[in-house]
Amino acid sequence: MSTAAAEKMPLSAHLREARTRAVRAAVALLIGTVVGYFTSDLVMDVLRAPITDLAASRSASLNYDSVTGAFDLQLRIAVYSGIILSSPVWLGEIFGFLTPGLTAKEKKYTFGFLGAALPLFVVGCLTGLYVFPRMVEVLTSFASSEDSTILQASYYFDFVFKIVIATGIAFVLPVFLVVLNFIGLLSARSIAKAWRVSIVGIVVFAALVTPAADVLSMFFVAAPMVLLFLAALAIAWLHDRARGYRSNRGAPTADELKTGRAQTAPTERSRTCSA
Numbered sequence: 337m338s339t340a341a342a343e344k345m346p347l348s349a350h351l352r353e354a355r356t357r358a359v360r361a362a363v364a365l366l367i368g369t370v371v372g373y374f375t376s377d378l379v380m381d382v383l384r385a386p387i388t389d390l391a392a393s394r395s396a397s398l399n400y401d402s403v404t405g406a407f408d409l410q411l412r413i414a415v416y417s418g419i420i421l422s423s424p425v426w427l428g429e430i431f432g433f434l435t436p437g438l439t440a441k442e443k444k445y446t447f448g449f450l451g452a453a454l455p456l457f458v459v460g461c462l463t464g465l466y467v468f469p470r471m472v473e474v475l476t477s478f479a480s481s482e483d484s485t486i487l488q489a490s491y492y493f494d495f496v497f498k499i500v501i502a503t504g505i506a507f508v509l510p511v512f513l514v515v516l517n518f519i520g521l522l523s524a525r526s527i528a529k530a531w532r533v534s535i536v537g538i539v540v541f542a543a544l545v546t547p548a549a550d551v552l553s554m555f556f557v558a559a560p561m562v563l564l565f566l567a568a569l570a571i572a573w574l575h576d577r578a579r580g581y582r583s584n585r586g587a588p589t590a591d592e593l594k595t596g597r598a599q600t601a602p603t604e605r606s607r608t609c610s611a
């Protein structure tokens, strides 16, 4: 549907389209949730792996604090899995409803942002999944081997989920810098001036989401984020350079002025003399 057609569409047609797309997204979410429910045991096996390794050297286990605790956790895993599995459908429905009202430039920026942000978010989440077993190992190592490590299952799931999502979002932040640069709100020079603060912020974030004693895990989180920040700076610099070239393309160069090849507009004085 074109932009002109979207502008001419009456409100009732917009509401019908929104309802149709919402139903499609809801059906996809429901199917994804059902699939997530039947695969929740696989997710729990991944989450339980560090605890199983820990149980080889000490008493360690996941526990539920209520009769319905296991079912509640399984349902939460199913819902989160459903959101993730159905994300291509409901994201497509959202942008299918919004993009007809966008200009060509806005569509270009929107799809460019999504094309870069989604893969980086997935890579960040995978990095979080790689890091969290080491975090569990290091954090539980502060307890004596004679002690028991009894973890509440819902708290443990929230801990892992927050680590994975936070790492995924952190990997997307450089894309926001590029978008702000492309729309003219942030220059490459401003990004370059703040490189020290940015590096310190990345290191602090990596230290917060990883154990302080686990330097290797902190490196695995911080190093890709630094590289992504430098990549965003390079893209912003190239964009500012190209934009500056385009804005100055109509001005005559020094060589053109010397050789007289530049066609400049006549001055007020020359027009007076010719008159």
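The sequence shown begins at 337 in the working numbering and counts up by one.
Note that the Cβ used here is the ideal one computed from N, Cα and C, for glycine as well.
For clarity, every value in this text was computed on a predicted model and none was experimentally measured.
Own chain residues within Cβ distance below 8 Å of residue i, not counting five before or after
| i | result |
| --- | --- |
| T503 | G460, C461, T463, G464, V467, V545 and V557 |
| A559 | none |
| V472 | P386, I387 and L390 |
| V511 | F449, A452, A453, L456 and A568 |
| F507 | L456, F457, V459, G460, T463, P560, M561 and L564 |
| L378 | none |
| D576 | N517, S523, A524 and R525 |
One or two residues paired with residue i in a DSSP bridge
| i | result |
| --- | --- |
| T485 | A396 |
Same chain only: Cβ atoms within 6 Å of residue i, ignoring 5 sequence neighbours per side
| i | result |
| --- | --- |
| S376 | Q410, I413 and A414 |
| E429 | R357, R360 and A361 |
Within-7 Å CB hit, residue i to chain D
| i | result |
| --- | --- |
| T404 | No chain D appears in this structure, which consists of one protein chain only. |
Burial state of residue i, where buried means 16 or more other Cβ atoms lie within 10 Å
| i | result |
| --- | --- |
| P424 | exposed |
| V382 | exposed |
| F407 | exposed |
| I538 | buried |
| S484 | exposed |
| I519 | exposed |
Contacts around residue i, its chain only, beta-carbon distance under 7 Å, and the 5 residues preceding and following it disregarded
| i | result |
| --- | --- |
| A572 | L513, V514, N517, A524 and I527 |
Supposed close pair residue i, residue j - CB separation, criterion 8 Å
| i | j | result |
| --- | --- | --- |
| L421 | V496 | The pair is not a contact, with the Cβ atoms about 18 Å apart (cut-off 8 Å). |
| A354 | F433 | 6 Å |
| S393 | S481 | 6 Å |
Between the segment 445–460 and the segment 352–371, are three or more C-beta pairs nearer than 8 Å? Between the segment 445–460 and the segment 352–371 there are fewer than three C-beta pairs closer than 8 Å, too few to call the two in contact.
Would you check if there are 3 or more beta carbon pairs closer than 8 Å linking the segment 391–398 to the segment 486–503? In short, these stretches touch, since the Cβ pair count reaches three.
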